[in-house]
Structure formats: C-alpha cells, structure tokens
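A.B. asks: Here it is, the structure, as structure tokens.
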Amino acid sequence: MIEYIAVTVKDAKLIEKSGADRIELVSGLTEGGLTPSYGLIDKVVKSVRIPVNIMVRPHGQSFCYSKDDIEIMKNDIRMIRSLGANGVVFGMLDMEGNVDFSQLEELLTEVGTMEVTFHRAIDSSINMLDNAEKLDQYKEITTILTSGGHGEWESRMETLLKMKDICKDTEILIGSGLSKENIREVHEQVGTNAYHFGTAIRDDQSILKSVSLEKALEIVHTLK
C-alpha cells in the first residue's frame, strides 16, 4: 500500500496517475501538515477515484491541544465526513508526552465509518511501543503512521519491527525519510507493506514544489 502526500488538486491527480493507492491531503507542509481548506478537500475528493485521507491538525505548534482546539478538530472531522473523504489523520499527546487518550476518544465519536490514521505524534511520545499497543485496542483506528521514532534508520527499524509484532489489528504505515534509495531495504527488513512518501516524490525533493510524476512512478515501480 503506497500513500503519497498531496497539497493541491494537481498533486492529487498526478498521484492517482502514478498508480499509488491512497492520498494524504494536507496544507502547510512546512509545518508538518495542517488541515486543508474545505474547498480543497471537496475538489480533491471529486477529482480522483483513489481514497483520500485528510490531515486534522489545527496548528503546528505541538501535538498538545486545548479544549478549543479539540472542538475545532471535531467540527473539521464532521465537515470532512460530509465531503466524502475516505479517512482522517490525527494524533495528540498530553503534557507528559503520552498519547492523550481522552482527547482521542472525543474525536473518535465524530469519525463515523471513516478510516482513522494516528499520525507521527506517536514518534514524539515517551513510550512508543506502549502507546502503540494501547492504540491497537481501538477498533476505529485502522492505521498508525510512524517512522519508528527519531534518529538512525537502524534503531528505528528495530522499533518498527517491534511495533509490527505488537499491533495485531492496526496497519503500520512507515513514513518520514523514505526514498527511492532506501525503500527496498526498509521493505525487506521490516515488511509492513504500507509506505508513506512526501518530499521523495517532489521536484528537487522540496516541500514547496509540486509532485513529480516521474519520481512518483519510480517508487511505485520499485515496490510493485
């Protein structure tokens, strides 16, 4: 399963053309991804046939959210659901660095039948494996997007393998730092069969440039 990040309608159309399986639609890539506008969500969902998952993140300051932030996120989820998106992508931590499960449960009340990806907030949590095991118990959460923490690939891949073993019902989507050059090794060593790419498929590998169909195709051909 190959997921590519889109920030424009053009990106989304090129991603579909490349043969990728799913789109993660965001705005504000320079801030790590924020909730896109309703107009953009509507246009992208109507412009492609492959599933589109939408980032729900009201600001890029941290993964800790106030009550007001959570109300905004719940309202965004309701709107995203009404626009026909396949899923939502979000994650939240408490001040101690654990997943904030009370806030998570509040948001899950709004998702309906949409898929839910818990995003890379987990990589900044203080006990990734413990948090992943708890997330795996939520039937609404279909996917965890993770890079296995921070640091060198070697230690991250060890963490990813452990997470893959721990999570029985949740797809482990590997993202951040993946490229045409390293994806084969990651696939052979970890083999979750679900991979997420952002800058690797963009012109000059720049978050401020458009998706390159050539680069997007290269990764699809490498994996498939």
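Residue numbers for the sequence shown, in this note's numbering: 71 to 294.
Even for Gly, the Cβ is constructed at its ideal location relative to N, Cα and C.
Note that the coordinates shown come from a computational prediction; the quantities given were computed from them, not determined experimentally.
Quickly, what does DSSP pair Leu243 with across the bridge? List them, please.
C.D. replies: In the DSSP output, where bridge partners are listed per residue, Leu243 has Leu215.
A.B. asks: Express the C-alpha separation of Arg254 and Leu163 in angstroms, rounding to a whole number.
C.D. replies: Near 32 Å, if we compare the C-alpha coordinates of Arg254 and Leu163.
A.B. asks: Just to confirm before moving on: does the CB-CB distance between Leu153 and Val126 stay below 8 Å?
C.D. replies: No.
A.B. asks: From the DSSP output, which residues share a beta bridge with Tyr74?
C.D. replies: The partner list for Tyr74 (beta bridge, DSSP) reads Ile93, Phe267.
A.B. asks: Leaving out five residues before and five after Met71 in sequence, what residues of the same chain have Cβ atoms less than 8 Å from its Cβ?
C.D. replies: Counting only Cβ-Cβ distances below 8 Å, and skipping sequence neighbours, we find Asp91, Arg92, Glu241, Leu243, Asn263, Ala264, Tyr265.
A.B. asks: Do the segment 216-233 and the segment 155-174 touch if we need at least three Cβ pairs shorter than 8 Å?
C.D. replies: Flag = no, the segment 216-233 and the segment 155-174 do not touch.
A.B. asks: For the segment 119-160, which segments carrying the alpha helix (DSSP H) assignment without a break, of at least 4 residues, lie completely within its bounds, in sequence order?
C.D. replies: Runs of the alpha helix (DSSP H) inside the segment 119-160: 137-152.
A.B. asks: Gln131: which of Ile214, Ala191, Ser117 sits nearest, CA to CA?
C.D. replies: Answer by Cα proximity: Ala191.
A.B. asks: Take the Cβ of Gly221 as the centre, count every other Cβ of all protein chains shown within 10 Å, and call the residue buried at 16 or more, exposed below.
C.D. replies: Gly221 comes out exposed.
A.B. asks: How close, in whole Å, do the beta carbons of Ser177 and Ile147 come, if the pair is a contact with beta carbons under 8 Å?
C.D. replies: The displayed chain sequence assigns Leu, not Ser, to residue 177. Rounded, the Cβ-Cβ distance is 6 Å, consistent with contact.
A.B. asks: What does a CB cutoff of less than 8 Å around Lys232 pick up in its chain, not counting 5 residues either side in sequence?
C.D. replies: Only Leu199 meet the Cβ criterion.
A.B. asks: What residue does the alpha helix (DSSP H) around Val290 start on, and which one ends it?
C.D. replies: 283-293 is the extent of the alpha helix (DSSP H) around Val290.
A.B. asks: When you compare each of Asn145, Met165, Val169 to Val158 by their alpha carbons, which one comes out closest?
C.D. replies: For the residues Asn145, Met165, Val169, the minimum Cα distance to Val158 belongs to Asn145.
A.B. asks: Leaving aside the five residues before and after Thr292 along the sequence, list all residues of the same chain whose C-beta is less than 7 Å from its C-beta, in chain order.
C.D. replies: Result list for Thr292: Lys250, Ile253, Arg254, in chain order.
A.B. asks: Can you tell me which of Lys87, Lys238, Met149, Glu94 puts its alpha carbon nearest to the alpha carbon of Tyr108?
C.D. replies: Of the listed residues, the one whose Cα sits closest to Tyr108 is Met149.
A.B. asks: Could you please give the first and the last residue of the uninterrupted beta strand (DSSP E) stretch that includes Val260?
C.D. replies: Element bounds for Val260: n/a, residue is neither H nor E.
A.B. asks: Look at Val281 and Asp81 and say whether their C-beta atoms are less than 8 Å apart.
C.D. replies: Yes, the pair counts as a contact, with Cβ atoms nearer than the cut-off.
A.B. asks: Comparing the C-beta of Leu283 with each C-beta of chain B, is any distance below 8 Å?
C.D. replies: Here chain B cannot be found, since the structure has a single protein chain.
A.B. asks: Check whether the Cβ atoms of Gly247 and Leu230 sit closer than 8 Å, and answer yes or no.
C.D. replies: No, they are not a contact pair.
A.B. asks: Which value, in whole angstroms, describes the spacing of the CA atoms of Glu166 and Ile277?
C.D. replies: Rounded to the nearest angstrom, the two C-alpha atoms are 31 Å apart.
A.B. asks: Considering Cα atoms alone, identify which of Ser195, Ala155, Val79 is closest to Thr183.
C.D. replies: Here the closest residue by C-alpha is Ala155.
A.B. asks: Tell me, which residues are paired with Glu210 by DSSP?
C.D. replies: Paired residues: none, contrary to the question.
A.B. asks: For Lys137, count neighbouring C-beta atoms within 10 Å of its own C-beta (all shown protein chains included) and say buried if the count is 16 or more, exposed if not.
C.D. replies: Exposed.
A.B. asks: Under 8 Å between the Cβ atoms of Val169 and Ser195?
C.D. replies: In contact: Val169 and Ser195 (Cβ atoms closer than 8 Å).
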